[in-house]
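**Student:**
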Amino acid sequence: MNSLKNYINGQWVESISQETIDVINPATQEVLAKVPYGEDTRKDVALATEAASKAFNEWRNVPVMKRVQVLYQLKTLMEDNTAALAEIITNESGKTRAESIGEIKRAIENIEVACGTPMLIAGDFIEDIASGIDEMMIRQPIGVSACITPFNFPNMIVFWFLPYAIATGNAFIVKPSEKVPLTMMKIFEFIDQLDLPKGLLSLVHGGKDSVDAILEHPEIKAISFVGSTPVARYIYSKGTANGKRVQAQGGAKNPVLILPDADIEMSSKIIADSVYGCAGQRCLAASTIITVGDEKGDIKEAIYETVKLRTTGYGLDAGVHMGPVITPESKARVERLIQQGVNEGANLLLDGRNPSIPGYASGNFLNPTILENVALDKELMKTEIFGPVMSLISMKSIEEAIAFINSGQYGNMACLFTSSGASARKFRNEANAGNIGINIGVAAPMAQFPFSGWKDSFFGDLHGQGKHAIEFFTQTKVVIERWPKEWSRKF
Ligand code: NAD
Numbered sequence: 017m018n019s020l021k022n023y024i025n026g027q028w029v030e031s032i033s034q035e036t037i038d039v040i041n042p043a044t045q046e047v048l049a050k051v052p053y054g055e056d057t058r059k060d061v062a063l064a065t066e067a068a069s070k071a072f073n074e075w076r077n078v079p080v081m082k083r084v085q086v087l088y089q090l091k092t093l094m095e096d097n098t099a100a101l102a103e104i105i106t107n108e109s110g111k112t113r114a115e116s117i118g119e120i121k122r123a124i125e126n127i128e129v130a131c132g133t134p135m136l137i138a139g140d141f142i143e144d145i146a147s148g149i150d151e152m153m154i155r156q157p158i159g160v161s162a163c164i165t166p167f168n169f170p171n172m173i174v175f176w177f178l179p180y181a182i183a184t185g186n187a188f189i190v191k192p193s194e195k196v197p198l199t200m201m202k203i204f205e206f207i208d209q210l211d212l213p214k215g216l217l218s219l220v221h222g223g224k225d226s227v228d229a230i231l232e233h234p235e236i237k238a239i240s241f242v243g244s245t246p247v248a249r250y251i252y253s254k255g256t257a258n259g260k261r262v263q264a265q266g267g268a269k270n271p272v273l274i275l276p277d278a279d280i281e282m283s284s285k286i287i288a289d290s291v292y293g294c295a296g297q298r299c300l301a302a303s304t305i306i307t308v309g310d311e312k313g314d315i316k317e318a319i320y321e322t323v324k325l326r327t328t329g330y331g332l333d334a335g336v337h338m339g340p341v342i343t344p345e346s347k348a349r350v351e352r353l354i355q356q357g358v359n360e361g362a363n364l365l366l367d368g369r370n371p372s373i374p375g376y377a378s379g380n381f382l383n384p385t386i387l388e389n390v391a392l393d394k395e396l397m398k399t400e401i402f403g404p405v406m407s408l409i410s411m412k413s414i415e416e417a418i419a420f421i422n423s424g425q426y427g428n429m430a431c432l433f434t435s436s437g438a439s440a441r442k443f444r445n446e447a448n449a450g451n452i453g454i455n456i457g458v459a460a461p462m463a464q465f466p467f468s469g470w471k472d473s474f475f476g477d478l479h480g481q482g483k484h485a486i487e488f489f490t491q492t493k494v495v496i497e498r499w500p501k502e503w504s505r506k507f
């Protein structure tokens, strides 16, 4: 099997690296491809950056109305090829076909918002800020930028950045997760059909080595990262130390609070979708479910009944609600955390370990797991599980729950289920998380809004998506001009 090619300078090219690692279907263990890896992928980054720098000098002078035309073309290509793209996403990441289509739609939303760049990029102008003097603030592109993305959304996450980067006049390099490089291979087949300067958009494969090359290359001015917290922290500190603008999204541990006045039937369905959707491998997956008051028994039962109806299996098969986790190592880690929770006194209401999935004996499958009364100070309650595991705990009051939520390491999302406006208002105001859901289980911002994150879930200032992305990919320039009236010529 040949190694996957990079897309550099408008062409598909072999990596300079001879080293590869396997891309594996997590439902079947089939080797789908071999992806370039190792030290020599650094040289690929150098080639991509050289081509990108040249393309940038041309592209930044193309009028913004013209620049966004390629985004309309890309949107059409993605819409026309959604079915094929969704199959690729499912085969390499494990999520269900419906989940893959969902993330393609989210990517397209970002393209649509970035098509508004001609308005979003507008600066400020004040005439006669002093007598005969005008002042303006304009936005200019930052240069060559790059994104480094995780395995769990092989398509969507790149589009939190790419459309905004090129609409604002930058060149852009994509380094996808080595676990799921095939989705971007397909996207770059579409990109190859666009009328762009050669080198403006590049695809470079690899792992830590290619990332380090991006972090070190002086011509790369901005980096967008999404992945685990330790790597996000590393990218942010090394990237900023090297003078780059960096936005780095990290991991999460998302609490959901259910008050006694919540609609139990609706809440339990939404919460089960949040915990078990994408097999729990979502940075906005609910993980810790906190009940307040006496209805705990009813909620527990409603959640249990909802969860039992979910089918685990290969994501392209009909009727499947949940696919496998990404690797055997991930599966083993989740199983270890479940056992540890039990050893530390948690009550195992539903044990999702060792499921039998007919026809897919070697897949990395786990069924939904529910643990009750997990000790608050133990690892299970603190660490990001990234698997289909719910920890159910109870507290005496909304105040106690908010204090607990705010004591956590992460701040990606916090959700509340209630029918009280006053409780909702209090929670919205006091919960320390970048994304808040009220009667919503996955508070994923639409493309018009920044994909926020607080505490160890985000390092940086400006986030991906919407106006934040426009600001991230541009630098402001303030111009003051004096044009004395007496200089006016008479013709
Ligand atoms: P990861 O951190 O292992 O990998 C992400 C990227 O970093 C990959 O492209 C990988 O090649 C690269 N990388 C990995 N180790 C590296 C190292 N030591 N040095 C330099 N680069 C390195 O993350 P993952 O397992 O692919 O993704 C899951 C994580 O991503 C979870 O923690 C999840 O919460 C997080 N995530 C966060 C968000 C968000 O918006 N906050 C969204 C999606 C996923």
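Just so we're aligned, residue 17 is where the sequence shown starts under my numbering, counting upward by one. Cβ coordinates follow ideal geometry from the N, Cα and C atoms, glycine included. Note that the structure is predicted; figures quoted are calculated from it, not measured.
What are the start and end residues of the beta strand (DSSP E) that includes Asp38?
**Tutor:** Residue mapping note: residue 38 aligns to position 22 of the sequence shown, counting from 1. Thr36 to Ile40 is the span of the beta strand (DSSP E), which, as asked, contains Asp38.
**Student:** Taking the beta carbon of Ala438 as the centre, do at least 16 other beta carbons fall within 10 Å, making it buried, or is it exposed?
**Tutor:** Here residue 438 refers to the residue found at position 422 of the sequence shown. Under this definition Ala438 is an exposed residue.
**Student:** Considering only residues of the same chain and omitting the five flanking positions on each side of Glu281, which have a CB-CB separation below 8 Å?
**Tutor:** Within the sequence shown, the letter at position 265 stands for residue 281. Correct list, in chain order: Ala318.
**Student:** Whole angstroms is fine: what's the gap from Gly457's alpha carbon to Thr304's?
**Tutor:** Taking the first residue of the sequence shown as position 1, residue 457 is located at position 441. Taking the first residue of the sequence shown as position 1, residue 304 is located at position 288. Computed Cα separation, rounded: 12 Å.
**Student:** Between Thr65 and Ile104, what straight-line distance do the alpha-carbon atoms span, to the nearest angstrom?
**Tutor:** The residue labelled residue 65 in the question sits at position 49 within the sequence shown. The residue labelled residue 104 in the question sits at position 88 within the sequence shown. So the two alpha carbons sit approximately 28 Å from each other.
**Student:** Would you identify the three-state DSSP class for Lys21, choosing helix, strand or coil?
**Tutor:** By one-based count along the sequence shown, residue 21 stands at place 5. Reduced to three states, the DSSP call for Lys21 is coil.
**Student:** Please tell me whether Met429 and Asn168 are closer than 7 Å, where the distance is taken between their beta carbons.
**Tutor:** Locating residue 429 in the sequence shown gives position 413, where the first residue counts as 1. Locating residue 168 in the sequence shown gives position 152, where the first residue counts as 1. It is not a contact, given that the beta carbons lie outside the stated cut-off.
**Student:** Counting along the chain, where does the alpha helix (DSSP H) carrying Lys121 start and finish?
**Tutor:** Numbered from its first residue, the sequence shown carries residue 121 at position 105. Element bounds for Lys121: Arg113 to Ala130.
**Student:** Just list the beta strand (DSSP E) runs in the stretch 179-266, keeping only unbroken ones of 3 residues or longer that don't cross its boundaries, in chain order.
**Tutor:** Here the runs fully enclosed are 187-191, 217-219, 236-242 and 261-265.
**Student:** Anyone know if the C-beta pair for Met172 and Ala123 falls short of 7 Å?
**Tutor:** What you label residue 172 is simply residue 156 of the sequence shown in a count that begins at 1. What you label residue 123 is simply residue 107 of the sequence shown in a count that begins at 1. Contact: yes.
**Student:** Might you give, ordered along the chain, the residues of its own chain that have their beta carbon closer than 6 Å to the beta carbon of Ser33, omitting 5 neighbours on each side?
**Tutor:** Numbered from its first residue, the sequence shown carries residue 33 at position 17. So the list reads Pro52, Gly54, Asp56 and Thr57, once near-sequence residues are dropped.
**Student:** Identify the continuous alpha helix (DSSP H) that holds Ile286 and give its terminal residues.
**Tutor:** For the purposes of this step, residue 286 is identified with residue 270 of the sequence shown, where counting begins at 1. Where Ile286 is concerned, the enclosing alpha helix (DSSP H) stretches over Ile280 to Tyr292.
**Student:** Under 7 Å, do Ile142 and Glu151 count as touching if we go by C-beta distance?
**Tutor:** The sequence position of residue 142 within the sequence shown is 126, counting from 1. The sequence position of residue 151 within the sequence shown is 135, counting from 1. Yes. Within cutoff.
**Student:** If you measure from the CB of Cys431, is any heavy atom of ligand 1 nearer than 6 Å?
**Tutor:** Position 415 of the sequence shown, counted from the first residue, corresponds to residue 431. It does not: the Cβ of Cys431 is nowhere closer than 6 Å to a heavy atom of ligand 1.
**Student:** Would you list the residues sitting across from Trp28 in a DSSP beta bridge?
**Tutor:** Within the sequence shown, residue 28 is the residue found at index 12, counting from 1. Partner(s): Tyr23.
**Student:** Let me check understanding here. Comparing Cα to Cα, which of Ile354, Ala460 and Leu382 lies closest to Leu408?
**Tutor:** The residue labelled residue 408 in the question sits at position 392 within the sequence shown. Of the listed residues, the one whose Cα sits closest to Leu408 is Ile354.
**Student:** Enumerate in chain order the residues of its own chain whose CB-to-CB distance from Ala362 is below 8 Å, with the five nearest sequence positions on each side excluded.
**Tutor:** By one-based count along the sequence shown, residue 362 stands at place 346. So the list reads Leu387, Glu388, Asn389, Val390, Ala391, Leu396 and Ser407, once near-sequence residues are dropped.
**Student:** Using three-state DSSP, classify Arg155 as helix, strand or coil.
**Tutor:** In the sequence shown, the residue the question calls residue 155 occupies position 139. Residue state, collapsed to three classes: strand.
**Student:** Flag this pair as yes or no: are the beta carbons of Pro509 and Thr199 separated by less than 7 Å?
**Tutor:** What is shown of the chain runs 17 to 507, which leaves residue 509 out entirely.
**Student:** Asn186 and Ser147: beta carbons closer than 7 Å?
**Tutor:** Counted from its first residue, the sequence shown places residue 186 at position 170. Counted from its first residue, the sequence shown places residue 147 at position 131. For Asn186 and Ser147, no; Cβs fall outside 7 Å.
**Student:** For the structure I just gave you, are there three or more beta carbon pairs, one from the stretch 252-265 and one from the stretch 466-478, closer than 8 Å?
**Tutor:** In short, these stretches touch, since the Cβ pair count reaches three.
**Student:** Might you give, ordered along the chain, the residues of its own chain that have their beta carbon closer than 6 Å to the beta carbon of Gln425, omitting 5 neighbours on each side?
**Tutor:** Position 409 of the sequence shown, counting from 1, holds the residue named residue 425. These residues qualify, in order along the chain: Asp472.
**Student:** For Phe507, count neighbouring Cβ atoms within 10 angstroms of its own Cβ and tell me buried if that reaches 16, exposed if not.
**Tutor:** Residue 507 sits at position 491 when you count from the first residue of the sequence shown. Exposed, since its Cβ has fewer than 16 Cβ neighbours within 10 Å.
**Student:** What first and last residue would you give for the beta strand (DSSP E) that runs through Leu365?
**Tutor:** Residue 365 sits at position 349 when you count from the first residue of the sequence shown. Its beta strand (DSSP E) spans residues Asn363 to Leu366.
**Student:** Are three or more beta carbon pairs between the stretch 76-91 and the stretch 177-194 nearer than 8 Å?
**Tutor:** Yes, the stretch 76-91 is in contact with the stretch 177-194.
**Student:** Is Gln263 near ligand 1, with its Cβ less than 6 Å from a heavy atom?
**Tutor:** Here residue 263 is taken as the residue at index 247 of the sequence shown, counted from 1. No; taking the cut-off as 6 Å, the Cβ of Gln263 has no heavy atom of ligand 1 nearer than that.
**Student:** Please classify Asp4 as buried or exposed, where buried requires at least 16 other C-beta atoms within 10 Å of its C-beta.
**Tutor:** In this structure the chain extends from 17 to 507, so residue 4 is not present and cannot be described.
**Student:** With 16 as the cutoff for other CB atoms within 10 Å, does Ser508 come out buried or exposed?
**Tutor:** There is no way to answer for residue 508, as the model of the chain reaches only from 17 to 507.
**Student:** So, with DSSP's three-state summary, where would you put Glu502?
**Tutor:** As a working note, residue 502 is residue 486 in the sequence shown. Of the three classes helix, strand and coil, the one that applies to Glu502 here is helix, per DSSP.
**Student:** Answer yes or no: the CB of Gly473 versus the heavy atoms of ligand 1, is any distance below 6 Å?
**Tutor:** Position 457 of the sequence shown, counted from the first residue, corresponds to residue 473. Per the sequence shown, residue 473 should be read as Ser rather than Gly. Correct: Ser473 has its Cβ closer than 6 Å to ligand 1.
**Student:** Can you round the beta-carbon distance between Ile120 and Lys237 to whole angstroms, since I take them to be within the 8 Å contact cut?
**Tutor:** Against the sequence shown, residue 120 aligns to sequence position 104. Against the sequence shown, residue 237 aligns to sequence position 221. Not a contact, Cβ separation roughly 29 Å.
**Student:** On the premise that Ala485 lies in contact with Phe177, defined as a C-beta separation below 8 Å, what is that separation, rounded to the nearest angstrom?
**Tutor:** The residue given as residue 177 occupies position 161 in the sequence shown. The residue given as residue 485 occupies position 469 in the sequence shown. Rounded, the Cβ-Cβ distance is 6 Å, consistent with contact.
**Student:** What number of angstroms, rounded off, separates the C-alpha of Val39 from the C-alpha of Lys224?
**Tutor:** Against the sequence shown, residue 39 aligns to sequence position 23. Against the sequence shown, residue 224 aligns to sequence position 208. Distance between the alpha carbons of Val39 and Lys224: 16 Å.
**Student:** Please report how far the alpha carbon of Gly427 lies from the alpha carbon of Met17, in whole angstroms.
**Tutor:** In the sequence shown, residue 427 corresponds to position 411, counting from 1. In the sequence shown, residue 17 corresponds to position 1, counting from 1. If I take the Cα positions, the gap works out to 42 Å.
**Student:** May I have the straight-line CA-CA distance separating Val272 from Ile117, to the nearest angstrom?
**Tutor:** If you number the sequence shown from 1, residue 272 lands on position 256. If you number the sequence shown from 1, residue 117 lands on position 101. Rounded to the nearest angstrom, the two C-alpha atoms are 26 Å apart.
**Student:** Should the stretch 412-421 be regarded as contacting the stretch 440-449, the criterion being three or more beta carbon pairs within less than 8 Å?
**Tutor:** Taking 8 Å as the limit for Cβ pairs, the verdict is that the stretch 440-449 does touch the stretch 412-421.
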